[in-house]
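Residue numbers (our numbering): 1034 to 1153. Quick notes on the structure that follows.
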Amino acid sequence: MEKEAVDLRDLILMIKEQKQLNANLALEFDCVIETDDVKPLIKVINYSINYIAQLTDQPQQISLNASMSAITIAFTTFTDAMELPAINPQVNEALLPYNALLEQKGEPGKYTQLLINFRK
């Protein structure tokens, strides 16, 4: 399969529209990755959205940012949850072809955040 350029901003907007997601977006332009199969990435983005959605009844925040060394998608919400569900280990396996990694940050009972970092 030939690699194609995938605009992460367009991908997030498409997923938001298809899911009819109530989310606040802050998406930078020109966040593009090269891949030969975007489907696993779509599944990881959906997983991240669903993971965050289960922790709150408020709209989540989705941001897309580029730096010199990485592109980051962040899924953030305020939550009262003191214990957060474990992240499925298959998520990071699915991100390997994209040179990406998912990490979880936050403070129990206050907020949680999932970050997908694509190394350049």
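Every residue, glycine too, gets a C-beta built ideally from N, C-alpha and C. Note that the structure is predicted; figures quoted are calculated from it, not measured.
Worksheet item: By how many angstroms is the C-alpha of Leu1044 removed from the C-alpha of Ser1100?
Response: The C-alpha of Leu1044 is placed about 19 Å away from the C-alpha of Ser1100.
Worksheet entry | Pair within 8 Å by beta-carbon distance, Ala1107 and Phe1151 | Result no, Cβ atoms of Ala1107 and Phe1151 do not sit closer than 8 Å.
Discussion item. With H, G and I counted as helix, E and B as strand and the rest as coil, what does DSSP make of Lys1153?
Written reply: The answer is coil: DSSP assigns Lys1153 none of H, G, I, E or B.
Worksheet item: Within 7 Å: the Cβ of Ala1127 and any heavy atom of the ligand NAD?
Response: This structure lacks the ligand NAD; in fact it carries no ligand of any kind.
Worksheet item: Are Leu1097 and Glu1061 touching if we call contact CB-CB under 8 Å?
Response: Taking C-beta atoms as the reference points, Leu1097 and Glu1061 count as a pair closer than 8 Å.
Worksheet item: Excluding the five sequence neighbours on either side, which residues of its own chain have a C-beta within less than 8 Å of the C-beta of Phe1111, listed in chain order?
Response: Thr1089, Gln1091, Lys1143, Tyr1144, listed in sequence order.
Discussion item. Taking DSSP's pairing of strands, which residues face Val1039 in a bridge?
Written reply: Looking at the DSSP output, Val1039 sits in a beta bridge with Ile1066.
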